[in-house]
Each structure stands twice: as structure tokens, then as C-alpha cells.
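Same order as they appear, the protein sequences are chains A and B. Residues 9 to 330 in the numbering used here are what the first sequence spells out, letter by letter. Residues 9 to 330 in the numbering used here are what the second sequence spells out, letter by letter. Backbone N, C-alpha and C define an ideal beta-carbon position, used for all residues, glycine too. To start, the structure under review is shown below, and the notes come after it.
Number of protein chains: 2
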Amino acid sequence: MDTGPGSAVEKELAQVEDRIREAIDSQEPLLTDIARYVIAAGGKRIRPTVALLANAAVGGKNVSQTVQMAAALELIHSATLLHDDINDGGLMRRGKEAAYVKFGLQNALVAGDFLFVKAFQIGGKFEAEIVDLTAQVCTALAEAEIVQRRRAGDLATTREDYLEIVRRKTGMPISAGARIGALLGGGRPEEVEALTAYGLHLGTAFQIVDDILDVVGNPRVLGKPVGTDLKEGSMTLLILHALNDGSERRAELSNILGTPKKSEALVARGLTLIQEAGAVERARVDAEHFGFLAREALEDVRPGPYRDALARLVDFVVRRNA
Amino acid sequence: MDTGPGSAVEKELAQVEDRIREAIDSQEPLLTDIARYVIAAGGKRIRPTVALLANAAVGGKNVSQTVQMAAALELIHSATLLHDDINDGGLMRRGKEAAYVKFGLQNALVAGDFLFVKAFQIGGKFEAEIVDLTAQVCTALAEAEIVQRRRAGDLATTREDYLEIVRRKTGMPISAGARIGALLGGGRPEEVEALTAYGLHLGTAFQIVDDILDVVGNPRVLGKPVGTDLKEGSMTLLILHALNDGSERRAELSNILGTPKKSEALVARGLTLIQEAGAVERARVDAEHFGFLAREALEDVRPGPYRDALARLVDFVVRRNA
Numbered sequence: 009m010d011t012g013p014g015s016a017v018e019k020e021l022a023q024v025e026d027r028i029r030e031a032i033d034s035q036e037p038l039l040t041d042i043a044r045y046v047i048a049a050g051g052k053r054i055r056p057t058v059a060l061l062a063n064a065a066v067g068g069k070n071v072s073q074t075v076q077m078a079a080a081l082e083l084i085h086s087a088t089l090l091h092d093d094i095n096d097g098g099l100m101r102r103g104k105e106a107a108y109v110k111f112g113l114q115n116a117l118v119a120g121d122f123l124f125v126k127a128f129q130i131g132g133k134f135e136a137e138i139v140d141l142t143a144q145v146c147t148a149l150a151e152a153e154i155v156q157r158r159r160a161g162d163l164a165t166t167r168e169d170y171l172e173i174v175r176r177k178t179g180m181p182i183s184a185g186a187r188i189g190a191l192l193g194g195g196r197p198e199e200v201e202a203l204t205a206y207g208l209h210l211g212t213a214f215q216i217v218d219d220i221l222d223v224v225g226n227p228r229v230l231g232k233p234v235g236t237d238l239k240e241g242s243m244t245l246l247i248l249h250a251l252n253d254g255s256e257r258r259a260e261l262s263n264i265l266g267t268p269k270k271s272e273a274l275v276a277r278g279l280t281l282i283q284e285a286g287a288v289e290r291a292r293v294d295a296e297h298f299g300f301l302a303r304e305a306l307e308d309v310r311p312g313p314y315r316d317a318l319a320r321l322v323d324f325v326v327r328r329n330a
Numbered sequence: 009m010d011t012g013p014g015s016a017v018e019k020e021l022a023q024v025e026d027r028i029r030e031a032i033d034s035q036e037p038l039l040t041d042i043a044r045y046v047i048a049a050g051g052k053r054i055r056p057t058v059a060l061l062a063n064a065a066v067g068g069k070n071v072s073q074t075v076q077m078a079a080a081l082e083l084i085h086s087a088t089l090l091h092d093d094i095n096d097g098g099l100m101r102r103g104k105e106a107a108y109v110k111f112g113l114q115n116a117l118v119a120g121d122f123l124f125v126k127a128f129q130i131g132g133k134f135e136a137e138i139v140d141l142t143a144q145v146c147t148a149l150a151e152a153e154i155v156q157r158r159r160a161g162d163l164a165t166t167r168e169d170y171l172e173i174v175r176r177k178t179g180m181p182i183s184a185g186a187r188i189g190a191l192l193g194g195g196r197p198e199e200v201e202a203l204t205a206y207g208l209h210l211g212t213a214f215q216i217v218d219d220i221l222d223v224v225g226n227p228r229v230l231g232k233p234v235g236t237d238l239k240e241g242s243m244t245l246l247i248l249h250a251l252n253d254g255s256e257r258r259a260e261l262s263n264i265l266g267t268p269k270k271s272e273a274l275v276a277r278g279l280t281l282i283q284e285a286g287a288v289e290r291a292r293v294d295a296e297h298f299g300f301l302a303r304e305a306l307e308d309v310r311p312g313p314y315r316d317a318l319a320r321l322v323d324f325v326v327r328r329n330a
């Protein structure tokens with residue numbers, strides 16, 4: 009877990025892992041196995057890190073509540089990964105077989121439900137505002153899945169449509185983590201709002217970098233093939249840039265997007281078109297822009313080492329290669 | 009919705025429907041459509057009815073909290089139906105196409121998550137005991153799905169194994185409804201325990217009748233074909249009875265259970281064997297037995313018209329034909 013700036017809350021992140029391990033203990037070993045598998049493949053622990061840093065940045069003393077909610081948010085994230093992989097047909101995640109491939113679709117589906125429940129068992133012990141925030145995150149995730157599928161290959165998709173999907177899919181979960189951490193830490197109202205905005209911008213930057221890596225990432229480092237967004241017709245920011253660069257590439261790329269079962273060669277050709285259009289560079293500018301907004305939002309948070317760590321987290325997210 | 013004894017709480021059941029309708033309102037109309045579809049197909053509203061009757065039976069005055077939790081339990085039930093149909097491959101439910109057939113697996117999967125979240129958004133506003141009860145129900149449902157699949161076609165399955173699966177799959181959800189209704193109604197401790205036991209026995213009787221109807225039910229009344237349990241190798245009480253009646257039918261029925269893709273003719277032959285073994289009659293005795301235990305549990309509840317309605321609900325459940 010190289011979380012970079014997460015090192016400022018390393019001890020607390022270890023407590024989050026303990027809490028997760030405790031939550032996924034089941035009488036049915038298979039459920040625990042699947043849960044462990046997907047949590048291990050879950051990656052960077054961005055959501056817990058943001059929640060813990062936000063809590064510390066506003067001077068939160070009693071960190072144990074934030075540890076609980078950080079665990080809940082990571083459980084929700086893991087549940088989503090299980091169900092998303094089923095829905096997207098993605099075969100690999102972080103260099104390992106997707107859970108539904110390894111354990112079977114039915115078992116993976118049930119394990120996703122199990123993780124949602126465990127998250128809510130934790131979250132349900134908190135005050136109504138936090139219950140609602142947690143539920144809003146999950147609702148937004150479900151809605152984003154639906155919109156994303158509805159928009160697949162839709163050439164009329166705008167940058168605003170894209171940003172709205174990203175807000176629900178990646179922005180809100182990270183933003184909710186930041187807000188919950190700030191609320192539980194007793195942050196001043198303007199700090200709570202600032203950290204909420206920070207999380208939203210950071211999440212947006214995170215997703216744009218994800219989209220970039222799906223075009224120019226190293227499959228060995230990513231642990232999965234590139235081009236999956238294009239294959240699924242997912243209207244990423246890079247694809248939107250490439251479609252709208254005013255060149256004749258649009259026609260060819262539109263054709264590729266509209267092809268139902270894309271061959272490897274066709275996907276490779278599409279990735280070339282996206283790169284030739286300068287979409288990667290334009291998306292990097294976008295990611296930097298949202299990173300800038302995230303850092304700017306931090307101005308309303310009291311100065312200190314944890315605010316600095318939140319700023320470093322932006323750099324980590326924007327510059328990551330996996 | 010012919011809930012029989014539910015007529016004693018007809019007004020409150022209508023409020024539950026309103027609360028459900030409110031909960032499933034989404035910015036994505038497709039999610040609302042799928043949710044409405046599965047809730048309409050959900051059937052008898054046993055869980056809300058039990059919760060409302062238990063509340064009224066202990067003299068609960070402020071019914072609005074029980075209406076909330078009754079809605080939450082029905083949302084969880086509906087989420088489970090969506091995901092179970094995906095997992096079991098059942099094509100029909102109550103005379104309509106299964107939701108995943110009509111709307112697609114991916115959309116149905118996400119809609120199930122959405123319903124779970126909406127249930128927990130309601131449940132999370134209650135005290136910790138009720139949050140834990142709700143989470144235990146969902147955990148039990150997930151675990152039951154796993155055990156049931158693990159046990160599929162397993163000739164070593166015992167009556168105790170069966171009853172443990174049923175406890176988690178049907179007993180606990182109904183029992184939790186009864187317990188929550190009694191707790192929110194301010195029931196005396198012995199009433200809370202009595203209604204918890206009532207729900208468990210009622211749920212067990214309910215499931216045994218379900219198993220019976222899968223052998224001798226009228227497909228037109230059920231709205232789905234019979235024999236699906238046998239087809240899936242689900243070790244129902246009837247199959248256990250038929251395997252253990254000491255006759256030579258065991259070998260043939262074992263063979264059928266062990267056949268991976270069973271033809272219609274083979275399933276029909278299996279149903280005949282089950283009936284010839286007298287398994288239907290034995291299972292009816294079992295259902296009556298658990299119905300008796302449910303009625304017996306009611307003795308610790310103060311007498312009154314709602315206790316009587318709970319007793320009538322037992323007859324309704326045991327004698328239903330759909």
C-alpha cells in the first residue's frame with residue numbers, strides 16, 4: 009500500500025485494516041475469502057486516507073470514529089468493485105483475476121451484498137447526517153453505473169455529462185470521506201465545506217488519471233490491459249477530447265466506438281487515434297486543473313502538517329502511474 | 009395483496025407502500041422502474057404485516073416508526089429477490105419475467121444494490137440494536153445463499169442443515185420484523201422474545217410451504233413453473249424426506265439430483281418420485297408443526313385482536329396455495 013502521503017496516518021490506516029478484517033469475518037469462510045481477496049486487490053486506500061487526513065487536519069482528537077467510517081467507506085468501495093467487475097466483464101484487477109472469475113459470479117454477487125451490509129452496520133451507528141451521506145454515496149454509485157451504461161458509445165455525450173458521472177462515481181465517495189472525517193473531527197463549518205470540495209476535486213482528478221492510464225498506462229504496472237474503457241464504449245474525457253479535436257479522426261473513432269465486439273486490433277487503433285489527437289495531454293491539463301482546485305480548496309482549512317499531507321496527496325494522485 | 013390477516017393493519021400497510029414508493033425515487037428513472045417492478049412482483053408483504061401486527065399486539069401506539077422499518081425490511085426482501093433471480097437463473101416471478109430478464113442482468117444487479125442502500129438509509133436512523141438486527145438479517149441472507157449453493161445436490165445434507173439454511177433465509181427476516189415491531193411498540197421483554205420466536209417458526213413454516221408448492225403447486229397460480237428446486241439441486245425438506253423414506257427410490261432420485269442439466273422429463277420424473285415417497289404429506293405435517301410452535305409462542309403475548317390476527321396469519325401461511 010504505497011499511499012504516499014498516507015504515511016502521515018499510517019498507524020490509523022493499520023487500524024482501518026483491522027476494522028475491515030473484523031467486519032468481514034463470516035460463518036461462511038467463502039464469504040470471508042472473497043471479501044479478503046477483493047479488499048487486498050482494492051489498492052490505494054484513497055478513501056480511508058482522505059477521511060483520516062481530513063479528521064487530523066481539523067484537529068480531530070478522537071480518531072477511532074473516523075477509523076470506523078473509513079473502514080465502512082472502503083468496504084463500500086470493495087463491494088462496488090465486486091459488482092462492477094461482474095457488470096463490466098473485466099477479467100483482471102491489479103494483476104489478479106477478477107473475483108467473479110475466480111470464485112464464480114453468484115458467489116461474487118453475494119459477497120458484494122455482504123460487504124455493503126457490513127459497511128452499513130458500521131455506518132448505521134452514526135448520527136443521521138452521516139447515515140445519509142453514506143447512503144447518498146451508494147445511491148450515487150448505483151446511479152452512475154446506470155448513466156454510464158446508458159451513455160456508452162453515445163456521441164452526444166458532453167464534458168458536463170462526463171463530469172456529472174465522475175462526480176457520482178468517484179467524486180462523491182472521496183468527498184464524503186473528507187466531509188465525514190472533518191465532521192467527526194469537529195471541524196469549523198468552513199473547513200467542513202472546504203474539505204468536501206477538496207474531496208470532490210481530488211476524486212475528479214483521480215478519475216481523469218484513471219482514464220489516462222487506460223490509454224497510456226503500462227499493463228504490467230496496472231495489472232490489467234489498457235483500452236478497456238474504449239472497448240466498453242465508456243465515454244471518458246480522453247475519448248471526448250479525441251472526438252472533438254476538429255480533425256477527421258472523429259469519423260474513424262466514432263466507427264470504432266460503435267462497433268459492438270471490438271477486436272484487439274481495433275482497440276489498439278482507437279488508442280492510437282486518441283493519442284494522435286493529443287487527448288492524453290489535454291486530459292493531463294484537466295487533471296492538473298482539478299488538482300489545483302483541490303489544493304485551492306484547502307486554503308480554508310487551518311494550516312498544519314495534515315493539511316500539507318492532503319496537498320501532497322493531490323500530487324500523488326495526479327502523478328500516479330497505477 | 010391478499011394478505012389475509014393483514015387486513016387488521018390495512019391502513020398501515022398502505023403507509024408502508026407510500027414509504028417504499030418515496031424511497032425508490034431516483035434521478036435515474038430506470039432504477040425506479042426496476043425497483044417498482046420487483047416490488048410489485050414481491051407478493052404477500054408478509055414481513056411488513058408481521059412487523060405491524062407485532063407492534064399493535066404489544067399495544068404500540070406510535071406506529072410510524074414501525075411503518076418505516078416495515079418498508080426497510082420489504083426493500084431488503086426486494087433487493088434479495090433481484091439478486092437471487094440472477095443467481096438462480098429463475099426466468100419467472102409471480103407470472104412476470106424476472107427483472108434481470110426484462111431489464112438486463114447489469115441493471116438488475118445495480119437496482120438490487122440501490123434497494124439495499126435505501127433500506128439501510130431508513131434503518132440507519134434507528135437505535136443500534138435495530139441497526140444490528142437489520143444487518144444480521146442481511147448477513148444471514150448472504151450466508152444462506154452461499155450454504156444453499158454449497159449444499160446443492162449434497163446427499164449428506166441433514167434435516168438440521170436444512171432448518172439452519174431456512175432459519176437464515178426466511179426465518180430471520182420474518183423474525184426480525186416481529187422483533188423490531190415489538191421493540192418499537194414498547195413490548196414487555198417476554199413479549200419481545202415470544203414474537204421473535206413466533207417469527208422464526210412462522211418463517212420456517214412459510215418456507216416449507218414454498219417447498220411443497222414447488223412440487224404440487226399450480227404453475228398458473230404460482231406464476232412460475234414447478235420443479236425449480238429439484239432442477240437446481242436445492243435440498244428442500246421434501247427432497248430430504250423422499251431420499252430418506254427407506255425405499256429404492258433413493259438411488260433414482262440421487263441420480264436425478266446429480267445430473268447437471270436436467271431435462272423437463274427428468275424433473276417431472278423426480279417430482280413423481282417425491283410425491284410417491286409421501287414427502288408432500290410429511291412436509292405438510294412439518295409445516296403444521298412449525299405453525300403450531302408459532303401459535304404456541306403467542307401465548308406469552310397479551311391477548312387481543314392483533315394477537316388473534318397473528319394467529320390467523322399462521323393459518324394463512326400454512327394453507328396458502330401461492
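{"Item": "Any idea if B:Gln215 is buried or exposed, counting beta-carbon neighbours within 10 angstroms, 16 or more meaning buried?", "Value": "buried"}
{"Item": "Return yes when the Cβ of A:Ile154 is within less than 8 Å of the Cβ of B:Leu38, no when it is not.", "Value": "yes"}
{"Item": "Could you tell me whether any Cβ in chain A is nearer than 8 Å to the Cβ of B:Ala143?", "Value": "yes"}
{"Item": "In its own chain, which residues sit with a C-beta less than 7 Å from the C-beta of B:Leu83, not counting the 5 before and 5 after it?", "Value": "Ile28, Ala31, Leu123, Lys126 and Ala127"}
{"Item": "Please confirm if A:Arg327 has its CB atom under 8 Å from at least one CB of chain B.", "Value": "no"}
{"Item": "Report buried or exposed for B:Ser1, applying the criterion of at least 16 other Cβ atoms within 10 angstroms of its Cβ.", "Value": "Residue 1 of chain B lies beyond the stretch modelled for chain B, which goes from 9 to 330, so this question has no answer here."}
{"Item": "Within 10 Å of its beta-carbon, does A:Glu307 have 16 or more other beta-carbons around it, so buried, or fewer, so exposed?", "Value": "exposed"}
{"Item": "Give the list of continuous alpha helix (DSSP H) stretches no shorter than 4 residues that lie fully inside the segment 31-73 of chain B.", "Value": "37-48 and 54-65"}
{"Item": "Which word fits A:Lys270, buried or exposed, when buried means at least 16 other C-beta atoms lie within 10 angstroms of its C-beta?", "Value": "buried"}
{"Item": "Going along the segment 172-192 of chain B in order, which residues come within less than 7 Å of chain A, judged by CB to CB distance?", "Value": "none"}
{"Item": "Under the assumption that A:Val17 contacts A:Leu60 (Cβ atoms under 8 Å), give the Cβ distance between them as a whole number of angstroms.", "Value": "4 Å"}
{"Item": "Return helix, strand or coil for B:Lys269, following the three-state DSSP convention.", "Value": "coil"}
{"Item": "Please state if the CB of B:Gly194 and the CB of B:Gly68 are separated by a distance shorter than 8 Å.", "Value": "yes"}
{"Item": "Quick check on the DSSP output: what are the complete alpha helix (DSSP H) runs of length 4 or more inside the segment 210-249 of chain A, in order along the chain?", "Value": "227-230 and 236-240"}
{"Item": "Check whether the Cβ of B:Gly98 lies closer than 8 Å to any Cβ atom in chain A.", "Value": "no"}
{"Item": "Taking A:Gly136 as the query, report the chain B residues whose CB atoms sit under 9 Å from its CB, ordered along the chain.", "Value": "Strictly speaking, residue 136 of chain A in this sequence is Ala, with Gly absent from that position. Under the 9 Å cutoff, chain B gives Gly132 and Lys133."}
{"Item": "Would you tell me roughly how many angstroms separate the C-alpha atoms of A:Val24 and A:Ile47, rounded to the nearest one?", "Value": "12 Å"}
{"Item": "Could you name each continuous alpha helix (DSSP H) segment of 4 residues or more that falls completely within the segment 156-197 of chain A, going from the start of the chain to the end?", "Value": "167-174 and 180-192"}
{"Item": "Sorted by chain position, which residues of the same chain lie with C-beta nearer than 8 Å to B:Val98's C-beta, five sequence neighbours on each side aside?", "Value": "Correcting the residue type first, residue 98 of chain B is Gly in the shown sequence and not Val. If we look at B:Gly98 and ignore the five residues flanking it on each side, its Cβ neighbours are Asp92, Ala106, Lys232 and Thr236."}
{"Item": "If distances are taken between C-alpha atoms only, which option among B:Leu21, B:Glu20 and B:Ala164 comes closest to B:Leu248?", "Value": "B:Ala164"}
{"Item": "I want to verify the contact list: residues of chain A whose CB lies under 8 Å from the CB of B:His91, in sequence order.", "Value": "Leu117, Val118 and Asp121"}
{"Item": "Using three-state DSSP, classify B:Lys104 as helix, strand or coil.", "Value": "strand"}
{"Item": "Report the residues of the segment 144-157 of chain A with a CB closer than 7 Å to any CB of chain B, ordered along the chain.", "Value": "Cys146, Thr147, Ala150, Glu151, Glu153, Ile154, Val155 and Arg157"}
{"Item": "So, is the C-beta of B:Asp140 closer than 8 Å to a C-beta in chain A?", "Value": "yes"}
{"Item": "Determine the chain B residues that contact A:Gln114 at a beta-carbon separation under 7 Å, and present them in chain order.", "Value": "Asn95 and Arg157"}
{"Item": "Tell me whether A:Asn263 sits in a helix, a strand or coil according to DSSP, three-state version.", "Value": "helix"}
{"Item": "For a contact meaning CB atoms closer than 7 Å, what does A:Glu36 contact in chain B?", "Value": "Glu151, Ile154 and Val155"}
{"Item": "Pairs of beta-carbons, one from the segment 130-138 of chain B and one from the segment 131-141 of chain A, closer than 8 Å: are there three or more?", "Value": "yes"}
{"Item": "Could you tell me whether the Cβ of B:Leu279 comes closer than 8 Å to any Cβ of chain A?", "Value": "no"}
{"Item": "Can you tell me where the alpha helix (DSSP H) with B:Ala291 in it begins and where it stops?", "Value": "Ala287 to Ala305"}
{"Item": "Taking 8 Å as the CB-CB cut-off, is B:Phe111 touching chain A?", "Value": "no"}
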